[in-house]
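Input: a single structure, listed below in structure tokens.
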Amino acid sequence: MNFDYDLFVIGGGSGGVRAARVAAATGAKVALAEEFRMGGTCVIRGCVPKKLMVFASGYSEMFDDARAYGWDVTDGPFEWPRFRSHLHKELDRLEGIYRKLLDNSGVEICDARASLTDAHTVALSSGRTVTAKHILIATGGRPVVPDIPGAALGITSNDIFLLDELPKSILIVGGGYIASEFAGILNGLGVKVTQFYRGAQILRGFDDEARGLVAEGMREKGVNLHLGTNIVEMRAATADDLQDNGMSAPVDQGKPVSAPSGEPAKGIWVKATNGQEAIFDQVMFATGRAPNTENIGLAEAGVQIGRRGEIVVDDYSQTGVPSIYAIGDVTDRVQLTPVAIREAMAFVETVFKGNPTKVDHDLIPSAIFTQPEMGTIGLTEEAARDIEPVEIYCTSFKPMNHAFAGRTDRVMMKLVVSSATRKVLGCHIVADHAGEMIQLAAIAIKMGATKEDFDRTVAVHPTMAEELVTMKDPVRRA
Ligand code: NDP
Numbered sequence: 213m214n215f216d217y218d219l220f221v222i223g224g225g226s227g228g229v230r231a232a233r234v235a236a237a238t239g240a241k242v243a244l245a246e247e248f249r250m251g252g253t254c255v256i257r258g259c260v261p262k263k264l265m266v267f268a269s270g271y272s273e274m275f276d277d278a279r280a281y282g283w284d285v286t287d288g289p290f291e292w293p294r295f296r297s298h299l300h301k302e303l304d305r306l307e308g309i310y311r312k313l314l315d316n317s318g319v320e321i322c323d324a325r326a327s328l329t330d331a332h333t334v335a336l337s338s339g340r341t342v343t344a345k346h347i348l349i350a351t352g353g354r355p356v357v358p359d360i361p362g363a364a365l366g367i368t369s370n371d372i373f374l375l376d377e378l379p380k381s382i383l384i385v386g387g388g389y390i391a392s393e394f395a396g397i398l399n400g401l402g403v404k405v406t407q408f409y410r411g412a413q414i415l416r417g418f419d420d421e422a423r424g425l426v427a428e429g430m431r432e433k434g435v436n437l438h439l440g441t442n443i444v445e446m447r448a449a450t451a452d453d454l455q456d457n458g459m460s461a462p463v464d465q466g467k468p469v470s471a472p473s474g475e476p477a478k479g480i481w482v483k484a485t486n487g488q489e490a491i492f493d494q495v496m497f498a499t500g501r502a503p504n505t506e507n508i509g510l511a512e513a514g515v516q517i518g519r520r521g522e523i524v525v526d527d528y529s530q531t532g533v534p535s536i537y538a539i540g541d542v543t544d545r546v547q548l549t550p551v552a553i554r555e556a557m558a559f560v561e562t563v564f565k566g567n568p569t570k571v572d573h574d575l576i577p578s579a580i581f582t583q584p585e586m587g588t589i590g591l592t593e594e595a596a597r598d599i600e601p602v603e604i605y606c607t608s609f610k611p612m613n614h615a616f617a618g619r620t621d622r623v624m625m626k627l628v629v630s631s632a633t634r635k636v637l638g639c640h641i642v643a644d645h646a647g648e649m650i651q652l653a654a655i656a657i658k659m660g661a662t663k664e665d666f667d668r669t670v671a672v673h674p675t676m677a678e679e680l681v682t683m684k685d686p687v688r689r690a
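Start counting the sequence shown at 213; every next residue gets the next number (the numbering used here).
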């Protein structure tokens, strides 16, 4: 059978764009459909704008630091509109680069929504219908908002980069990557931040000691973090809410609203599970993300969807329909850009280079751009000790640059080591630039380095990371 294309990719995010380009480089005839902006979550409303906001917010502490180091500087207010317009110019530039990369690779771009009509056919919102030998679904995910009264008044991370003005106060709901990163970002930009997390400690699944230190650092910097707390209901604040002014008590960073009696007040009234009530300028939900599997014809094509709404794929990213593959967040394996890119590369190896390649999801390093930042790879202490006897090497100290500036922040370096094999099973760092450090430590750990390999490596002095190779004795065995 003759097809219009060898590969049709649905979704122009990091995974889809990479797969399209690399497949086209093998000589395949490739088209890619994207209904919104090229670049997907990572470039348009995720990693990239988020990291730029992390940089922006980091300056708030630098003025004090600079003065401690002898500079005569004065700080002024953060100007969101100025930053936002610069940010969007940068995102436009990056989107342009993505388009150019596709063009230069010979990939045909379809600015349209695409949905499957059968195992080889895609219908485009532009009215065209095309056929392809292989179809790759890389439609990503989207934020989900819990089903509570008034939740529609809240925003998600999708909206934050588009705000006309920064709120004076915000309630962030959730305790994962996005909630904790934005709590730090907005706090640094001068927004009064309250964070509700329903569990006992934020960043569930990460090393207990590391997430404890992150939470402590966030609180010290001013985030009003409430654990074991969630929203019961929310609604637009009314002037009558003002009469009830006890409401601001311990959830105390919501602000009382001043509006003439009878008129709607600005802000969102929130009732928490602990019975407290407060008003916030904004409420942001960062309560997880769901795969984008709706209305793209999966049922029509016979593609199986799992319990969490994800496309079910095998180790080669192939669905139960042999011509259809899926990669990235839509498969809900590991929701990280570099993982989607790896999955794209493995897909092209398998399908277009005749070299069946499984995606390696083991020992994936990652960074959480909280303030303080966390870098992590491998097993947490808690997970490792359930598997085998381990030795824990850990140090926590005030780094010299912060100590000199009079800051109280502490950093942490931790290695989880197998007692039997001496292999480093996990590494957890809480420190400025922890993401940069963990990338490098991850190479050694992925290679199977032992604690003794770390010890044999000469320290780079004076750095924070030198502690990774100078920890002599375990702090405990478990
Ligand atoms: P996460 O799954 O990390 O966190 C979701 C949070 O919301 C959890 O704390 C969860 O609580 C909480 N939650 C879920 N449902 C509810 C509810 N009904 N009411 C209250 N709280 C709720 O999702 P994120 O949205 O933060 O991030 C999505 C993914 O994006 C991450 O898993 C990560 O892979 C990726 N990401 C990576 C980044 C990075 O690499 N730096 C940055 C940002 C995102 P509980 O713990 O109790 O389930």
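Ideal placement from N, C-alpha and C gives every residue a C-beta, glycine not left out. Quick caveat, the model's predicted, so the values are computed rather than measured.
Simplified DSSP assignment, three categories, for residue i
| i | result |
| --- | --- |
| R688 | strand |
| L299 | helix |
| T333 | strand |
| H614 | helix |
| Q488 | coil |
| T368 | strand |
| F290 | coil |
| V670 | coil |
| I657 | helix |
| M586 | strand |
| F609 | strand |
| V463 | Only weak support is given to the placement of V463: the predicted model assigns it a pLDDT of 47, under 50, and the value that follows is read from those uncertain coordinates. Three-state result, V463: coil. |
| V551 | helix |
| L415 | coil |
| T253 | helix |
| V563 | helix |
| I480 | strand |
| L306 | helix |
| L328 | strand |
| M649 | helix |
| D315 | helix |
| A363 | helix |
| A556 | helix |
Beta-ladder partner(s) of residue i, from DSSP
| i | result |
| --- | --- |
| R340 | Answer is none; R340 lacks a bridge partner. |
| C322 | A245 |
| L439 | Y409 |
| I517 | I523 |
| I604 | V628, R688 |
| Q530 | Y537 |
| G353 | P503 |
| H346 | L219 |
| K404 | S381 |
| L680 | Bridge partners of L680: none, in fact. |
| T675 | Bridge partners of T675: none, in fact. |
| T662 | K635 |
Opening and closing residue of the alpha helix (DSSP H) in which residue i lies
| i | result |
| --- | --- |
| F394 | 389 to 400 |
| F275 | 259 to 280 |
| R545 | Segment: none, R545 is in no alpha helix (DSSP H) and carries neither H nor E. |
| H640 | First-last for H640: 636 to 642, but that is the beta strand (DSSP E), not the alpha helix (DSSP H). |
| V234 | 226 to 237 |
| G509 | It is not in any alpha helix (DSSP H) - G509 carries neither H nor E in the DSSP assignment. |
| L425 | 420 to 433 |
Delimiting residues of the beta strand (DSSP E) encompassing residue i
| i | result |
| --- | --- |
| T450 | 443 to 450 |
| L375 | Unbroken run through L375: none, as it is neither H nor E. |
| K626 | 623 to 630 |
| V495 | 494 to 497 |
| D218 | 217 to 222 |
| I599 | I599 -> not in any beta strand (DSSP E); alpha helix (DSSP H) instead, spanning 593 to 599. |
| A579 | 578 to 580 |
| L383 | 381 to 385 |
Min CB distance residue i to chain C below 7 Å
| i | result |
| --- | --- |
| A268 | No chain C is part of this structure, which consists of one protein chain only. |
Any non-hydrogen atom of the ligand PLP within 6 Å of residue i CB
| i | result |
| --- | --- |
| P261 | The ligand content of the structure shown is limited to the ligand NDP, which means the ligand PLP is not among them. |
May I ask you to verify whether the region 236 to 250 touches the region 363 to 383, counting CB pairs closer than 8 Å and requiring at least 3?
As far as the Cβ criterion goes, the region 236 to 250 does not touch the region 363 to 383, which means the pair count is below three.
Cβ contact check for the region 558 to 571 and the region 579 to 597: 3 or more pairs under 8 Å:
Fewer than three beta-carbon pairs drawn from the region 558 to 571 and the region 579 to 597 are found closer than 8 Å, and the two stretches are therefore not classed as touching.
If we count Cβ pairs, one from each stretch, closer than 8 Å, do we get three or more for the region 508 to 524 versus the region 480 to 499?
Verdict: no, contact absent.
Count Cβ pairs between the region 244 to 254 and the region 302 to 318 that sit closer than 8 Å; are there 3 or more?
The region 244 to 254 vs the region 302 to 318: in contact.
Three or more C-beta pairs below 8 Å linking the region 340 to 352 and the region 531 to 542:
Enough Cβ pairs lie closer than 8 Å, so yes.
Is the region 584 to 591 close to the region 637 to 651, with three or more CB pairs under 8 Å?
The region 584 to 591 is in contact with the region 637 to 651.
Do the region 388 to 402 and the region 259 to 269 meet, that is, are 3 or more Cβ pairs less than 8 Å apart?
Touching, yes, given that three or more Cβ pairs across the two stretches are closer than 8 Å.
Using 8 Å as the Cβ pair cut-off and three pairs as the minimum, do the region 629 to 640 and the region 654 to 673 touch?
Of all C-beta pairs linking the region 629 to 640 to the region 654 to 673, three or more are shorter than 8 Å, placing the two stretches in contact.
Inter-stretch contact (C-beta, 8 Å, three-pair minimum) for the region 322 to 334 and the region 286 to 298
The region 322 to 334 makes no contact with the region 286 to 298, as fewer than three CB pairs between them are under 8 Å.
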